Every structure is written in C-alpha cells, then in structure tokens.
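Take a look at the structure set out below.
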C-alpha cells in the first residue's frame with residue numbers, strides 16, 4: 223500500500239469535478255422529487271388513495287420497486303423517484319471505478335506510477351476508498367434532501383443508507399470486473415451486465431413476490447432495508463460482507479494476473495480486416511457496437527415495462543389531482559399523457575447516448591488515436607462526419623427500439639395492434655432534439671473544445687425543466703429553455719412540424735460550424 227495517500231489525492235484530482243456534479247445531480251433529484259410529490263399528493267387522503275391503488279399494480283412494482291409505506295411522503299418518493307435514481311448511483315460508481323483502474327492501466331498511466339515507489343494495490347484501494355466516501359456523501363445528502371423536503375427523518379436516514387449500500391456494492395463489482403478483462407470497454411460491459419441482471423431479478427422478485435429472487439439481486443438487498451417502513455438492519459450487514467468479499471477477490475485477481483492483462487485473455491484478432499473495418503465509419507461502429515447492443519436491450523426492456531404500466535398508471539392518476547395535473551402537461555388523456563412522459567424519460571437517456579457519441583471525437587483526440595487516423599488519408603471533416611453519423615444513426619435505432627417496446631407492451635394490454643406504429647412514431651418524433659444536441663456537441667468540440675461539458679449542462683437543464691416543469695407550472699418562456707419542449711410530446715397530439723424542422727436546422731448549422739472549426743484548428 224505504498225503511497226496510498228498519493229493515489230487517493232491523484233484520484234480526487236482527476237475526478238473531483240465529475241464526482242461533485244454527480245453528487246449534486248443525485249441529491250438534487252431527490253429533493254426535487256420529494257418536493258414535487260408533496261405538491262402532487264398533499265393530503266393524507268390522497269396518499270392513502272395512491273397507496274391502495276399502487277399496492278395492487280405488479281407492473282409498476284416491477285419497474286419501480288417494492289411498495290413500502292406508500293401512505294407516507296417518503297415512501298412515495300422512494301417508490302416513484304428513489305429506486306430509479308439508485309440505478310444512476312450504481313452507474314456512477316461503475317464509471318468511476320473502471321475509469322480509474324482498468325482504463326488508466328490500458329492508457330499506460332498507471333505504469334508510470336508503478337515504476338516508482340508505488341504499491342501494486344495502492345490505486346485499487348484508493349479508488350474504492352474514494353468511491354466509499356462519495357457514496358457516504360450521497361447517502362447523507364439524499365437523506366437531508368428528503369428531510370428538508372418533508373419526509374420522515376428516520377425513514378430518510380434509512381433510505382440514505384440504502385443508497386450508499388447500492389453504490390458501495392457496485393463499486394466493488396466494478397473493481398472485480400476491471401480485473402477480468404484487458405479493455406475498459408469489456409469491464410464496463412461486465413459491470414453493467416451485472417447491474418442489468420440485478421434489475422431484472424429484482425423486478426421478477428417483486429412481480430411474483432419471491433424473496434429468493436430479490437436476494438439474488440444487490441438492488442433487492444438495499445430495498446430489503448424497507449426505508450419509511452419497518453426498517454431492517456441485516457441487509458446493511460449483507461451489503462458490507464458482499465462488498466468486502468468482492469474487494470478481496472479483486473485484490474487476489476490483481477495479484478495473480480499480469481500487468482495490462484485481464485484474468486480472461488482476449489482471443490486473437492482476425493488475420494485480415496473485415497469489410498466493416500475497412501471504412502472510417504465501420505471502425506466507429508465496430509468499436510461501439512457492444513455498447514449499442516446494451517442500450518438496445520435496456521431501452522427495449524424499459525419500453526416494455528412502461529408500456530405495460532400505462533393502463534395501470536391511468537388508474538393511479540385518476541385517484542389524485544396532482545398526478546392528473548402532471549400528465550395534463552403532456553396530454554389531456556391520462557394514458558396518452560403517461561406514454562408521452564415515458565417516451566420523454568427514455569428519450570433523455572437516448573440523448574445522453576447521442577452526446578457521448580459526438581464527444582467521442584474529443585476523447586479520440588485526447589487519447590492520441592485521432593492523430594494516428596488523421597496522419598493518413600482520412601480528412602478531418604470525414605473524421606467528424608463518421609462520429610456524427612454513428613451518433614445520429616444509433617439515436618434513430620434506439621428511438622425505434624423504444625417505440626417498439628412501448629407499443630408492443632401497450633398493444634398486448636389493450637388488444638390494439640395499432641399502438642405499435644402509433645408509439646413508434648411518437649418515439650421517432652423526438653429525433654430533432656437528439657439532432658440539436660449532437661450538433662451542439664460537434665460545435666463545442668470544433669470551436670470550444672475546453673468546455674465540451676457544456677453539452678451535458680444543456681441536457682441536464684432540459685431534462686429538469688421538461689420533467690418538473692408541468693407539475694411546477696413553469697411559465698412558457700421558462701419551459702422553452704428546454705430542448706425537448708420544441709418537439710411534439712406524442713401520442714395524442716398533432717405534431718408541430720415547424721418547431722421540429724427549426725430544431726433540426728439549428729442542429730445541422732451547429733454541426734457544420736463545429737466541423738469547420740475542427741478542420742481549421744490544430745489537434746490538442
């Protein structure tokens with residue numbers, strides 16, 4: 223453990239901006255969620271009505287988690303917002319751990335540190351300590367946010383502990399995944415695959431009311447704490463033991479494997495390049511195809527879940543005026559309003575994937591791979607175009623998959639096969655927002671490469687305004703700040719072609735300006 227403190231300081235120095243942003247986002251979501259739900263269900267009678275309906279809806283429980291203490295504000299906040307946000311907490315831990323272990327090793331930076339007086343396991347231990355401290359802060363902050371928002375203090379503390387447990391367990395899972403493969407992309411895939419499996423097992427357990435299935439999922443362990451209900455302490459011990467065992471396993475694998483290699487060696491590559499990798503765009507597709515496949519599976523599954531829950535959500539909304547007011551911000555029909563809101567939520571994730579796709583231009587530049595590609599016959603404008611084409615092409619695919627998932631499940635519930643094409647069109651109608659954000663990303667990469675993070679700020683601001691705006695009754699001028707307010711929230715309303723075309727044109731103009739700037743400037 224030589225120079226453990228140096229490793230911790232280095233990890234904090236490299237990640238403090240992202241960690242602070244993630245903590246603020248998670249805590250802010252919890253506060254905004256509990257405040258919004260307090261306005262939506264202000265009376266004990268409305269909360270009791272909500273609880274009586276939600277307790278019978280297995281489709282909603284599969285999506286959101288166990289219905290614990292739904293007659294309280296804190297219980298509703300955990301059910302409607304908290305367990306969704308816990309997925310983001312797990313993802314943040316996976317990203318932080320893999321980025322600072324396997325990715326640093328693949329880039330060769332860790333080798334420079336280990337060439338001096340630096341313990342073989344110092345970096346792994348330091349990363350896990352930083353993740354632990356981050357999760358503690360997130361847990362405490364989320365508990366305080368719930369308390370300030372009006373939730374019961376005891377339940378809020380238990381929920382904060384559950385949040386921290388989820389983050390710590392998935393940090394340990396990510397550390398093990400980082401030892402198994404020699405590429406960061408593979409480690410991300412393994413850890414995210416475990417997260418997806420945990421979600422599915424938890425959902426199945428809540429659907430069929432099976433404690434055995436819930437116990438197979440780390441997400442289920444945290445939910446067994448039962449915040450705002452009859453709090454259980456044994457799941458905390460289970461999470462601690464599992465995290466400790468996974469940490470020891472990761473350290474043991476790190477001892478026996480070679481540096482810059484995983485426990486599982488990658489198979490040898492093909493003797494010659496295939497037709498896909500002989501083109502510039504083909505190389506991008508090949509590098510990103512595993513991630514795209516994961517997005518397709520996740521969004522189709524979530525689409526099925528939201529589509530199946532649409533009819534039940536209508537029953538829940540009919541019992542509370544606040545929920546009716548929220549869905550009315552999307553559509554006068556309750557079920558169509560829920561479907562439009564579900565489409566928006568999934569589109570936000572797709573927009574994030576689109577931003578990642580275009581900002582990959584900057585990542586390739588910083589990693590030095592752009593220099594190698596551009597040193598040949600590949601022109602700069604084509605380098606930008608291939609990443610933009612992949613980002614927008616994947617957005618079309620993901621929107622279509624989302625619409626198919628929503629439509630298929632809703633059609634099965636209603637017996638109306640026309641819902642498939644209807645909701646497919648509703649999802650694809652959100653494409654102009656993705657085009658604008660992609661154009662903004664290219665613009666920043668080309669002309670303002672030091673502040674490419676601004677694309678994430680615009681996406682986050684648009685998400686907050688679009689989700690919370692209807693319930694908070696924000697003015698039209700404030701709502702128009704959101705990119706997603708300029709696309710039609712189908713189904714059930716007529717499409718605003720003029721607004722969608724204007725957004726598309728703005729995105730195209732930004733992309734052209736960014737591409738021109740990238741061609742003119744030097745590589746960083």
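Residue numbers (our numbering): 223 to 746. Note that the Cβ used here is the ideal one computed from N, Cα and C, for glycine as well. The model shown is predicted, which means the values in this text are computed figures rather than measured ones.
What residues in its chain sit with their C-beta under 8 Å from that of residue 280, if we drop five residues either side in the sequence?
-> Position 58 of the chain shown, counted from the start, is the residue given in the question as residue 280. Excluding positions up to five away in sequence, the list reads 428 and 429.
Return the residue from the list 574, 493, 296 and 289 that minimises the CA-CA distance to residue 266.
-> Taking the first residue of the chain shown as position 1, residue 266 is located at position 44. The option with the nearest alpha carbon to residue 266 is 296.
Selection from 411, 617, 509 and 504 that minimises the alpha carbon distance to residue 516 | Within the chain shown, numbered from 1, the residue matching residue 516 stands at position 294. Considering only alpha carbons, the answer is 411.
For residue 716, which of helix, strand or coil comes out of DSSP?
-> Counting from one through the chain shown, the residue named residue 716 turns up at place 494. In the structure shown, residue 716 sits in coil (DSSP, three-state: anything other than H, G, I, E or B).
What do you reckon, are the CB atoms on residue 393 and residue 353 nearer than 8 Å?
-> Along the chain shown, read from residue 1 onward, the residue named residue 393 stands at position 171. Along the chain shown, read from residue 1 onward, the residue named residue 353 stands at position 131. Yes. Within cutoff.
Considering only the beta carbon of each residue, do residue 599 and residue 656 sit closer than 8 Å?
-> The sequence position of residue 599 within the chain shown is 377, counting from 1. The sequence position of residue 656 within the chain shown is 434, counting from 1. No. Outside cutoff.
Throw me the rounded Cβ distance for the residue 681 and residue 673 pair, which I believe falls under 8 Å.
-> Residue 681 sits at position 459 when you count from the first residue of the chain shown. Residue 673 sits at position 451 when you count from the first residue of the chain shown. That belief does not hold up - the Cβ atoms of residue 681 and residue 673 are roughly 14 Å apart, past 8 Å.
When you compare only the Cα positions, how much space is there between residue 505 and residue 248?
-> Taking the first residue of the chain shown as 1, we reach residue 505 at position 283. Taking the first residue of the chain shown as 1, we reach residue 248 at position 26. The alpha-carbon atoms of residue 505 and residue 248 are separated by roughly 35 Å.
Best match in 512, 650 and 618 for proximity to residue 562 [C-alpha to C-alpha] = Working through the chain shown from its first residue, we reach residue 562 at position 340. Among 512, 650 and 618, the Cα nearest to that of residue 562 belongs to 650.
Residue 580 versus residue 660: straight-line alpha-carbon distance, rounded | For the purposes of this step, residue 580 is identified with residue 358 of the chain shown, where counting begins at 1. For the purposes of this step, residue 660 is identified with residue 438 of the chain shown, where counting begins at 1. Their backbone Cα atoms lie some 6 Å apart in a straight line.
Using alpha carbons as the reference points, say which of 597, 349, 583 and 323 lies closest to residue 231.
-> Stepping through the chain shown from its first residue, residue 231 is reached at position 9. For residue 231, the nearest C-alpha among the options comes from 349.
Just checking my contact of residue 407 with residue 512 at CB under 8 Å: how many whole Å lie between their CB atoms?
-> Along the chain shown, one-based indexing puts residue 407 at 185. Along the chain shown, one-based indexing puts residue 512 at 290. With a Cβ gap of about 7 Å, residue 407 and residue 512 count as contacting.
Hey, does residue 655 have any beta-carbon neighbour from chain B nearer than 8 Å?
-> The chain labelled as chain B is not found in the depicted structure, where only one protein chain is given.
How many Å lie between residue 463 and residue 293 at the Cα?
-> Within the chain shown, the letter at position 241 stands for residue 463. Within the chain shown, the letter at position 71 stands for residue 293. The alpha-carbon atoms of residue 463 and residue 293 are separated by roughly 33 Å.
Which of helix, strand or coil DSSP assigns to residue 454 | Position 232 of the chain shown, counted from the start, is the residue given in the question as residue 454. Coil.
Are the Cβ atoms of residue 706 and residue 627 separated by less than 8 Å?
-> Residue numbering aside, residue 706 sits at position 484 when the chain shown is read from its first letter. Residue numbering aside, residue 627 sits at position 405 when the chain shown is read from its first letter. No. Outside cutoff.
Residue nearest to residue 679 in terms of C-alpha spacing, selected from 703, 668 and 697 | As a first step, residue 679 is located in the chain shown; it is residue number 457 there, counting from the start. That would be 703, whose Cα lies nearest to the Cα of residue 679.
I think residue 311 touches residue 388, with their Cβ atoms under 8 Å apart; what is that distance to the nearest whole Å?
-> Position 89 of the chain shown, counted from the start, is the residue given in the question as residue 311. Position 166 of the chain shown, counted from the start, is the residue given in the question as residue 388. At roughly 6 Å, the Cβ-Cβ gap stays under 8 Å, so residue 311 and residue 388 are in contact.
For residue 224, does the count of other Cβ atoms within 10 angstroms reach 16, so buried, or fall short, so exposed?
-> For the purposes of this step, residue 224 is taken as the residue at position 2 of the chain shown. Exposed, because fewer than 16 other Cβ atoms sit within 10 Å of the Cβ of residue 224.
Span separating the alpha-carbon of residue 396 from that of residue 572 | On the chain shown, residue 396 is found 174 positions in, with the first residue counted as 1. On the chain shown, residue 572 is found 350 positions in, with the first residue counted as 1. Taking the straight line from one Cα to the other gives about 23 Å.
For residue 721, collect the residues of the same chain with a Cβ closer than 6 Å to its Cβ; drop the 5 residues on either side in sequence, then sort them by chain order.
-> Position 499 of the chain shown holds residue 721. Once the five neighbours on either side are set aside, the close Cβ partners of residue 721 are 708.
What does a CB cutoff of less than 7 Å around residue 584 pick up in its chain, not counting 5 residues either side in sequence?
-> Sequence index remark: in the chain shown, residue 584 carries index 362 (1-based). Excluding positions up to five away in sequence, the list reads 667, 671 and 674.
First and last residue of the alpha helix (DSSP H) that includes residue 606?
-> The residue given as residue 606 occupies position 384 in the chain shown. Taken as a continuous stretch (DSSP letters only), the alpha helix (DSSP H) holding residue 606 covers 602-636.
Spatially closest choice to residue 278 from 647, 531 and 618, by CA coordinates = Position 56 of the chain shown, counted from the start, is the residue given in the question as residue 278. The residue with the shortest Cα to Cα distance from residue 278 is 531.
Could you tell me if residue 440 is buried or exposed, where buried requires 16 or more neighbouring beta carbons within 10 angstroms of its beta carbon?
-> For the purposes of this step, residue 440 is identified with residue 218 of the chain shown, where counting begins at 1. With 16 or more Cβ atoms within 10 Å of its Cβ, residue 440 is classed as buried.
How close, in whole Å, do the beta carbons of residue 384 and residue 445 come, if the pair is a contact with beta carbons under 8 Å?
-> Locating residue 384 in the chain shown gives position 162, counting from the first residue. Locating residue 445 in the chain shown gives position 223, counting from the first residue. With 8 Å as the limit, residue 384 and residue 445 qualify as a contact, their Cβ atoms being about 7 Å apart.
Residue 360, buried or exposed, once every other Cβ within 10 Å from all chains shown has been counted against 16 | Within the chain shown, the letter at position 138 stands for residue 360. Flag for residue 360 reads buried.
For the putative contact between residue 285 and residue 637, defined by C-beta atoms under 8 Å, what is the C-beta separation to the nearest angstrom?
-> The residue labelled residue 285 in the question sits at position 63 within the chain shown. The residue labelled residue 637 in the question sits at position 415 within the chain shown. Going by Cβ atoms, the distance from residue 285 to residue 637 rounds to 22 Å, so no, they are not a contact pair.
Considering only C-alpha positions, which residue in the set 421, 431 and 595 is nearest to residue 502?
-> As a working note, residue 502 is residue 280 in the chain shown. Residue 595 is the option with its Cα nearest to residue 502.
Which word fits residue 683, buried or exposed, when buried means at least 16 other C-beta atoms lie within 10 angstroms of its C-beta?
-> Locating residue 683 in the chain shown gives position 461, counting from the first residue. When all chains shown are included, residue 683 counts as exposed.
Beta-carbon proximity check, residue 611 vs residue 664, cutoff 8 Å = On the chain shown, position 389 is the one that residue 611 refers to. On the chain shown, position 442 is the one that residue 664 refers to. Cβ atoms of residue 611 and residue 664: not closer than 8 Å.
Are residue 276 and residue 368 close, meaning C-beta to C-beta below 8 Å?
-> Residue mapping note: residue 276 aligns to position 54 of the chain shown, counting from 1. Residue mapping note: residue 368 aligns to position 146 of the chain shown, counting from 1. Cβ atoms of residue 276 and residue 368: not closer than 8 Å.
Give the single residue among 268, 570, 481 and 490 whose Cα lies nearest to the Cα of residue 326.
-> Residue mapping note: residue 326 aligns to position 104 of the chain shown, counting from 1. The shortest C-alpha separation from residue 326 is found at 481.
Exposure label - residue 305; buried when at least 16 CB within 10 Å | Taking the first residue of the chain shown as position 1, residue 305 is located at position 83. With 16 or more Cβ atoms within 10 Å of its Cβ, residue 305 is classed as buried.
Counting only runs that start and end within the region 332-382, where is the alpha helix (DSSP H) found for 4 or more residues in a row?
-> 344-370
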